[in-house]
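Asks: Numbering of the sequence shown is given in the numbering used here, commencing with residue -17 and proceeding in unit increments.
Idealized CB from N, CA, C, for every residue including glycine.
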Amino acid sequence: MTATTVDSPSPEARTASGGGRDNRIRRKLRVPMLIGRRLVGALISLLTVLVFNFFLFNVLSSDPIKALVRNRHLDAAAQAHLRHEFGYDQSLWRQFVAYMQQLLLHHNLGISTTYTQPVWSVISTRIWPTVLLVGVSTLLSSLIGTWIGIKGAWERNGRFDKISNGVSVTLYSMPEFWLGIVLLLFLAGNQVGLGVFPLGGMNDVDVDVSSPSGWVNVAWHLTLPCLTLTLAYLAQYSLVMRSSMLDEMGQDYVRTARAKGLRDLAVRRSHVVPNALLPAVTQIFLYFGFVISGALTVEYVFSWPGLGLLTEDAISGADFPLLRGLFLLFTASVIVCNLLADVMLGVLDPRVREL
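1. Alpha carbon to alpha carbon, what distance is there between residue 149 and residue -2?
2. Which whole-angstrom value is the C-beta distance of residue 106 and residue 130, which I expect to be below 8 Å?
3. Comparing C-alpha positions only, which one of 39, 322, 167 sits nearest to residue 176?
4. Checking the sheet assignment: what are the DSSP bridge partners for residue 100?
5. On the premise that residue 303 lies in contact with residue 92, defined as a C-beta separation below 8 Å, what is that separation, rounded to the nearest angstrom?
6. Assuming contact is defined by CB atoms lying nearer than 8 Å, are residue 35 and residue 310 in contact in what I supplied?
7. Between which residues of its own chain and residue 323 is the CB-CB distance below 6 Å, once the five residues before and five after are set aside?
8. Can you find at least 3 beta carbon pairs, one from the segment 107 to 118 and one from the segment 222 to 239, that sit closer than 8 Å?
9. With DSSP as the reference, label residue 72 as helix, strand or coil.
10. Identify which residue in 21, 19, 39, 28 has its Cα closest to the Cα of residue 314.
11. Three or more beta-carbon pairs under 8 Å between the segment 207 to 224 and the segment 122 to 129, yes or no?
12. Between residue 295 and residue 95, is the Cβ-Cβ spacing less than 8 Å?
13. Between residue 285 and residue 291, how many whole angstroms is the CB-CB distance? I'm expecting something under 8 Å.
14. Quick one: what does DSSP say residue 290 is sitting in, helix, strand or coil?
15. Would residue 180 pass as a contact of residue 281 if the rule is Cβ separation under 8 Å?
16. I need the straight-line Cα distance from residue 184 to residue 162, nearest angstrom please.
17. Looking only at its chain, what residues have a beta carbon closer than 7 Å to the beta carbon of residue 200, apart from the 5 residues adjacent to it on each side?
18. What does the Cβ neighbour count give for residue 235, buried or exposed, with the cut at 16 atoms within 10 Å?
19. My understanding is that residue 223 touches residue 262, with C-beta atoms under 8 Å, so please give their C-beta distance in whole angstroms.
20. How big is the Cα-Cα spacing for residue 85 and residue 17?
21. Excluding the five sequence neighbours on either side, which residues of its own chain have a C-beta within less than 6 Å of the C-beta of residue 127, listed in chain order?
Listed below in structure tokens is the structure:
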């Protein structure tokens, strides 16, 4: 009988096999590592904002109580009592430590000096009107702007492309509050305008917003401020989508698809648009946080009872705890939206995972 010998794998083969397993593990860990890196960066940014947020409003006024009681007849003893009640009689370092402890351990943003309520309770009643306004306007501007960018790029230098580019850039160059005033003047004013839409507010006084008729009333009041933000941010999506489409249309795979005899409609739908949508999708998350800040002036123009009017009330009343909470909310929304945009881009585009 002859003994059969089994050849053991060579060291090179074992090394190649081990290297293949390591590469597969690294590929699986790319997305979690990307999310981890972006999350660490977002947390560092948020902590930096927390420190800056506290000292900013202390620099604005060395004595917030004196700013609070301006034009009010309060003697020195009453002012000292308020200063002790809000903790302003302590050193700046002790105030900062107490602020961080209350925020991180108890999720407490302080007490509003204007409303004498917890800051978050005041903000939570105003945040949903802003989310409604910003959410609807972002949805409309992204959908319409993306469609304009696709059609304009496909008909490059055509009549539609020239008109849409000119109109979009013109609207984008206008300040949001000025555009809102123009729409309010011509569409809502009874003296000069058509008087079709209400002058301001979120709903009529005698309307139950929980009923279907109340929903229609809220939608009617929402039309002008939503139209203002939609027109103002339309160009961002249309121009980015147009540029992305033009880049993709010059790629070799598009020429190959056309050489195979595919119709232009099939090439656009199946090849160009899916690849060109990547910047537009991430841009929606990226700009959402900035739209929240940009909606403040629009809310003030249309008396929309959201964070914009609340910010104006806090500024006029020198309500520093409320201003600090609002500033933290605005900056946190930008940081979170940037984080979502980075993660979304890394998930959709494998090239970003290597960065």
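Replies: Taking the geometry as given:
1. For residue -2, the predicted structure reports a pLDDT of 48, less than 50, and the residue's modelled location is therefore unreliable. A value from the coordinates is still provided. Taking the straight line joining both Cα atoms gives about 59 Å.
2. About 36 Å; that fails the 8 Å criterion.
3. Residue 176 has its Cα closest to that of 167, out of 39, 322, 167.
4. Answer by DSSP bridge pairing, in chain order: 93.
5. The C-beta distance from residue 92 to residue 303 rounds to 4 Å, short enough to meet the 8 Å contact threshold.
6. Yes, the pair counts as a contact, with Cβ atoms nearer than the cut-off.
7. Answer for residue 323: 264, 267, 268, listed in chain order.
8. The segment 107 to 118 is not in contact with the segment 222 to 239.
9. Secondary structure at residue 72: coil, using DSSP grouped into helix, strand and coil.
10. Nearest to residue 314 by C-alpha distance, out of 21, 19, 39, 28, is 28.
11. Touching, yes.
12. Using a Cβ distance threshold of 8 Å, residue 295 and residue 95 do not count as a contacting pair.
13. Contact flag correct, Cβ pair sits at about 7 Å.
14. Correct three-state label for residue 290: helix.
15. Contact: no.
16. For residue 184 and residue 162, the distance between alpha carbons rounds to 15 Å.
17. Answer for residue 200: 184, 185, 191, listed in chain order.
18. Around the C-beta of residue 235, fewer than 16 other C-beta atoms lie within 10 Å, and the residue is accordingly described as exposed.
19. Their Cβ separation, rounded to whole angstroms, is 5 Å, which keeps residue 223 and residue 262 in contact under 8 Å.
20. The straight-line gap from Cα to Cα measures roughly 25 Å.
21. The beta carbon of residue 127 lies closer than 6 Å to those of 216, 219, 220 in the same chain, with the five residues before and after it left out.
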